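Accompanying notes for the structure given below.
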Amino acid sequence: MKRRKRDWSEHSKSNRTKRKLLEISSSCHKIDEYFEVLNKMEIILNENNVLKRQLAKAMETNILQESSDNYEAKGLLKILLECAKFNANRKPGGIRYTTTLKELGTLLFLLGGRQLYEILNANLQLPSISTVKLHLNNTVFIREGEFRFAALKEFLLKRNLPLQVWLSEDGTQVTGRIQYCPTNNQVVGFVLPVDANGLPVLDSFPATSARVIKSYFDENAKSHIAYCIMAKPMVPKSPSFCLAMFGSDNKFTSPIVLKRWEWMEAAAKDIGLEIRGISSDGDSKLLKAMLYRSVVPSTQKWPFFSCRTSPGTVFVQDTVHLSAKLKSRLLKASIILPLGKHNVASRGHLSELMKVDTVDQHDLAPCLLNPKDKMNFRAVQKLCDKQVTDLLSKHIPNSKGTVCYLTMIREVMEAFLKTSLTPTDRIDLIWKWVFFVRLWRYWVLNTDGYTLGHNFITTNAYYCLELNAHGLIQIIRNLRDSGDEELFFPENFDSQPCESFFRTSRSMSSTHSTVVNYSILDFQHKIRRIDFIAESKINLKDTIVLPRNIKTIKKTSEDRFFPTTLPSDKEIEEIIQKSFKKSVKMAANLGLCKKNVQIPISSLPIISLPELDNNCDSDIDVSDDECDTEELENALILPSSSASNDDESEPNSNLNLEDDEQTVEDLLMVSSGALGVKTFQNVPISPSSLYVLVMDGEGNPSIITKQSYIYLLSKGSSHDTALSSNRLLRVMQAQRVSHRLNTTVADLKMPSKEDCVSLGDWCAFVEESDNSVCVGRILAFSYLSGPTWSQQEYKALFAPTKAPAKNARGLGCLCSWFKIVKSKELKSINMDIHGFYSMEHYICSLPRPRVEGTRVFLTCSYQSILACRQ
Numbered sequence: 118m119k120r121r122k123r124d125w126s127e128h129s130k131s132n133r134t135k136r137k138l139l140e141i142s143s144s145c146h147k148i149d150e151y152f153e154v155l156n157k158m159e160i161i162l163n164e165n166n167v168l169k170r171q172l173a174k175a176m177e178t179n180i181l182q183e184s185s186d187n188y189e190a191k192g193l194l195k196i197l198l199e200c201a202k203f204n205a206n207r208k209p210g211g212i213r214y215t216t217t218l219k220e221l222g223t224l225l226f227l228l229g230g231r232q233l234y235e236i237l238n239a240n241l242q243l244p245s246i247s248t249v250k251l252h253l254n255n256t257v258f259i260r261e262g263e264f265r266f267a268a269l270k271e272f273l274l275k276r277n278l279p280l281q282v283w284l285s286e287d288g289t290q291v292t293g294r295i296q297y298c299p300t301n302n303q304v305v306g307f308v309l310p311v312d313a314n315g316l317p318v319l320d321s322f323p324a325t326s327a328r329v330i331k332s333y334f335d336e337n338a339k340s341h342i343a344y345c346i347m348a349k350p351m352v353p354k355s356p357s358f359c360l361a362m363f364g365s366d367n368k369f370t371s372p373i374v375l376k377r378w379e380w381m382e383a384a385a386k387d388i389g390l391e392i393r394g395i396s397s398d399g400d401s402k403l404l405k406a407m408l409y410r411s412v413v414p415s416t417q418k419w420p421f422f423s424c425r426t427s428p429g430t431v432f433v434q435d436t437v438h439l440s441a442k443l444k445s446r447l448l449k450a451s452i453i454l455p456l457g458k459h460n461v462a463s464r465g466h467l468s469e470l471m472k473v474d475t476v477d478q479h480d481l482a483p484c485l486l487n488p489k490d491k492m493n494f495r496a497v498q499k500l501c502d503k504q505v506t507d508l509l510s511k512h513i514p515n516s517k518g519t520v521c522y523l524t525m526i527r528e529v530m531e532a533f534l535k536t537s538l539t540p541t542d543r544i545d546l547i548w549k550w551v552f553f554v555r556l557w558r559y560w561v562l563n564t565d566g567y568t569l570g571h572n573f574i575t576t577n578a579y580y581c582l583e584l585n586a587h588g589l590i591q592i593i594r595n596l597r598d599s600g601d602e603e604l605f606f607p608e609n610f611d612s613q614p615c616e617s618f619f620r621t622s623r624s625m626s627s628t629h630s631t632v633v634n635y636s637i638l639d640f641q642h643k644i645r646r647i648d649f650i651a652e653s654k655i656n657l658k659d660t661i662v663l664p665r666n667i668k669t670i671k672k673t674s675e676d677r678f679f680p681t682t683l684p685s686d687k688e689i690e691e692i693i694q695k696s697f698k699k700s701v702k703m704a705a706n707l708g709l710c711k712k713n714v715q716i717p718i719s720s721l722p723i724i725s726l727p728e729l730d731n732n733c734d735s736d737i738d739v740s741d742d743e744c745d746t747e748e749l750e751n752a753l754i755l756p757s758s759s760a761s762n763d764d765e766s767e768p769n770s771n772l773n774l775e776d777d778e779q780t781v782e783d784l785l786m787v788s789s790g791a792l793g794v795k796t797f798q799n800v801p802i803s804p805s806s807l808y809v810l811v812m813d814g815e816g817n818p819s820i821i822t823k824q825s826y827i828y829l830l831s832k833g834s835s836h837d838t839a840l841s842s843n844r845l846l847r848v849m850q851a852q853r854v855s856h857r858l859n860t861t862v863a864d865l866k867m868p869s870k871e872d873c874v875s876l877g878d879w880c881a882f883v884e885e886s887d888n889s890v891c892v893g894r895i896l897a898f899s900y901l902s903g904p905t906w907s908q909q910e911y912k913a914l915f916a917p918t919k920a921p922a923k924n925a926r927g928l929g930c931l932c933s934w935f936k937i938v939k940s941k942e943l944k945s946i947n948m949d950i951h952g953f954y955s956m957e958h959y960i961c962s963l964p965r966p967r968v969e970g971t972r973v974f975l976t977c978s979y980q981s982i983l984a985c986r987q
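Just so we're aligned, residue 118 is where the sequence shown starts under the working numbering, counting upward by one.
Have a look at this one:
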């Protein structure tokens with residue numbers, strides 16, 4: 118029997134829809150039921166025109182009201198709409214903009230650049246580029262050498278900040294270009310002379326005539342450093358203010374600095390401001406001036422304290438720069454940092470750690486050990502991280518000295534930069550290490566064979582550390598006694614506002630621009646722009662939404678500590694006593710002192726005026742060979758004579774050539790027989806005009822712009838300073854990139870003679886005294902002879918085991934030494950004096966020993982080492 122096929126049509130979509138419609142309630146109206154009502158309404162409206170018009174009007178009003186409620190213009194859109202309505206019937210030359218739009222347009226132009234602003238201007242009702250530039254030029258022009266205390270006070274009042282600031286000083290390298298500034302008719306780029314108060318003399322180089330301009334090139338030095346003095350409000354996250362800027366050639370004396378500081382303190386006081394402190398980055402002359410102002414004989418009350426305790430300006434060195442100096446000292450190849458007879462602080466331990474543990478554990482890279490990269494603060498943070506010191510203690514034998522040194526750097530930084538610490542914690546941290554360094558210094562001085570110059574941190578870094586510890590107590594006492602405890606934020610007490618300001622100025626270029634260097638005049642214009650951006654954000658905050666101005670509260674695991682009360686003098690003494698006990702315990706464990714030692718008195722020098730005048734005094738040398746080579750020793754100025762105004766030419770329509778006769782030969786020389794610049798006719802010539810009268814290549818009088826004349830003179834003199842556009846290359850000294858010649862030593866399974874060894878390698882050597890075999894872990898290399906100490910320095914991380922035949926200086930290595938006992942175990946050898954051992958005694962390289970707690974064992978046999986010796 119044939120099976121009947123099932124009918125699925127009743128389940129189709131159309132049939133399902135029909136069934137749903139049939140199930141609709143009978144009370145539901147159908148659309149055709151309204152047709153009769155609509156027809157009746159249409160008849161009524163056609164018969165009553167008044168009712169028809171009223172209904173149409175009511176519907177139009179309702180539609181407009183709904184449209185207005187849903188699409189109301191606000192903020193920037195409303196400002197642009199109002200401007201468009203106001204200028205709707207005006208001609209292009211008659212368009213006017215409100216101050217708010219000019220301010221906003223200038224801000225967008227400065228932040229986004231010309232290319233972006235052209236797009237915005239073409240599509241939105243924004244001011245033209247010429248209008249924007251005119252609005253910017255109407256702001257205050259920053260004069261070189263001017264101290265803007267009145268503007269600083271206005272800056273603080275507008276932001277509701279306390280009238281107390283912390284000053285910082287620093288310099289950055291510029292191109293050294295000489296330029297003409299038409300705003301004040303000055304030649305810009307020469308070092309300004311100073312007056313009796315140590316202040317730069319304003320408007321010292323007026324461009325009055327060609328002869329006067331020429332004299333400036335003959336008698337004055339070019340500025341190759343832009344020196345800035347920044348004012349930082351005593352409140353966290355508040356913007357800084359550029360108090361003054363001037364050019365310098367980095368030649369100045371400490372007395373000039375002292376005179377300027379005294380004048381600044383008096384000027385601030387007269388206007389109602391208070392300077393709480395001054396910071397720098399370790400510049401030797403500023404440091405010397407700080408020591409002169411701060412250090413007094415130790416009192417009976419606080420024998421450990423060497424600075425004055427009376428209220429006044431506090432002097433502190435930048436913590437970031439100090440930590441970088443300490444890091445550079447550790448990485449310097451020829452420096453041995455002994456911490457007792459058993460321990461040495463060395464980068465060799467870090468190099469070995471990178472071979473033993475993986476990157477995910479220590480987060481280190483070989484580039485962090487580059488001794489020439491002196492200003493890499495990120496490298497400081499990584500090297501001093503607690504996980505690094507923990508791994509060193511656990512996996513690297515005899516690394517106690519390096520662990521101690523890295524811990525010192527970390528905790529010295531935290532004393533000022535870690536926001537969660539209380540004032541008592543900060544005092545405890547930094548003074549613990551100050552006492553430790555004093556004990557270490559005393560041990561080096563009293564150990565034969567060691568000197569402070571070669572076996573201790575630099576004198577500059579030591580004085581900076583001492584000054585910071587004293588300054589921390591001084592600022593605590595000053596704020597406590599004046600009732601301003603809420604202003605205690607030690608992370609503000611540094612010179613980082615200067616560094617941040619320099620970074621901002623170098624990054625102020627439009628999209629696709631790579632120009633990061635500038636001259637003194639360029640820097641003046643950049644300061645104006647930076648000030649305008651800061652002011653416009655305040656002026657526009659009520660009308661325009663600026664996301665970065667909106668304060669957001671971020672909850673973190675490490676909350677800031679806001680002090681309610683600062684410790685009393687008695688509490689400070691108790692903290693110091695506890696800190697000293699901790700330092701003695703650490704020093705005694707390293708063999709630097711005995712446990713019953715007394716608190717060491719500070720060795721900060723008391724500087725007198727004669728010593729201050731002699732900046733080369735060897736007894737009070739605060740120079741630092743680890744200093745940053747780009748930011749340099751911060752710049753000030755030496756007095757220099759300014760040109761006499763008696764040489765000015767007459768303003769003149771008679772073309773008097775007498776004033777320019779002496780410049781003809783020089784001008785002809787640099788122009789090679791022709792000026793090569795645009796000349797003018799029938800233009801006014803006066804001391805204040807833009808033009809000067811000169812002689813061309815054929816001896817005829819010609820009128821050119823002052824800027825062109827300065828260009829010709831500059832072309833004939835020394836070239837502008839060449840600066841790299843890469844910031845990292847500017848602060849890093851040149852270094853030949855070298856690679857290890859042999860990479861198999863770390864993976865050795867048996868002793869082997871190698872052509873090359875590197876830091877962290879374990880090697881066997883012949884002991885000269887008894888011809889026995891000893892084991893050394895390499896920590897550093899050095900030449901064994903040379904006319905100067907610097908020429909003995911060996912900078913590479915690896916070295917050949919056999920010195921080249923042409924090299925007569927010899928090559929040695931600094932090692933942690935071990936003797937072999939029971940054929941396998943290695944026992945540490947106590948060294949009275951750590952030094953460099955000649956590589957001529959090298960036998961072979963060894964597989965890395967096995968570490969079991971505090972014991973170290975060879976992983977190869979003693980016989981295999983002797984086999985390599987044969």
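Every residue gets a Cβ at the ideal spot worked out from N, C-alpha and C, and that includes glycine. Please read all numbers here as calculations on a predicted model, not as lab measurements.
- Membership of R972 in the beta strand (DSSP E) is indicated by the continuous run 972-974.
- Under the three-state reduction of DSSP, V701 is assigned to helix.
- In the three-state reduction of the DSSP assignment, V551 falls in the helix class.
- In the three-state reduction of the DSSP assignment, G262 falls in the coil class, being assigned neither a helical nor a strand state.
- Shown here for L509: same chain residues with a beta carbon closer than 7 Å to its own, the five before and five after excluded, namely H466, L470, S516, T519, V520 in chain order.
- For V520, the uninterrupted alpha helix (DSSP H) run begins and ends at 517-534, by DSSP.
- Secondary structure note for F898: its beta strand (DSSP E) is the uninterrupted segment 890-900.
- Bridge pairing for A462: L454 [DSSP].
- The beta carbon of S468 sits closer than 6 Å to those of L876, G877, all from its chain and outside the five residues before and after it, given in chain order.
- With fewer than 16 other Cβ atoms from the protein chains shown falling within 10 Å of its own Cβ, C484 counts as exposed.
- Take N204, set aside five residues on each side of it, and the residues of its chain with a beta-carbon closer than 6 Å to its own are I212, in chain order.
- Within the segment 370-419, the complete beta strand (DSSP E) segments of 3 residues or longer fall at 391-397, listed in chain order.
- Within a 10 Å sphere around the beta-carbon of S630 sit fewer than 16 other beta-carbons, which makes this residue exposed.
- The three-state secondary structure of V329, taken from DSSP, is helix.
- Contact check for I644 against M362 passes: the beta carbons are separated by less than 8 Å.
- Residue pairing of S285 in beta bridges, as defined by DSSP: M347, S396.
- When DSSP reads this structure, C581 sits in no beta bridge, so it has no partner.
- In the structure shown, the three-state DSSP call for P540 is helix.
- Contact annotation: V291 and C298 have beta-carbon atoms that are not nearer than 8 Å.
- Annotated three-state conformation of S907 is helix, per DSSP.
- S427 is classed as exposed because its beta carbon has fewer than 16 other beta carbons within 10 Å across all chains shown.
- DSSP places M492 in no beta strand (DSSP E); its state is neither H nor E.
- In the displayed model, T576 falls within a helix according to three-state DSSP.
- The C-alpha of K449 lies about 24 Å from the C-alpha of I547.
- The Cβ-Cβ distance between S622 and I647 falls below 8 Å.
- Scanning L162, E528, A267, Q715 for the CA closest to the CA of L582 turns up E528.
- Assignment of F307 by DSSP, reduced to helix, strand and coil, places it in the strand class.
- Non-local beta-carbon contacts of I592 in its own chain, meaning distances under 6 Å to residues more than five positions away in sequence, involve V431 in chain order.
- Judged by DSSP in its simplified three-state form, S805 adopts coil rather than helix or strand.
- CA-to-CA, the gap between V497 and K444 works out to about 6 Å.
- Contact between the segment 262-282 and the segment 312-319 is present, with at least three C-beta pairs closer than 8 Å.
- Counting along the chain, Q641 sits inside the alpha helix (DSSP H) bounded by residues 637-656.
- If the five residues before and after N947 are omitted, its C-beta is found closer than 8 Å to the C-beta atoms of K458, H459, all from its own chain and listed in chain order.
- Around the C-beta of P868, 16 or more other C-beta atoms lie within 10 Å, and the residue is accordingly described as buried.
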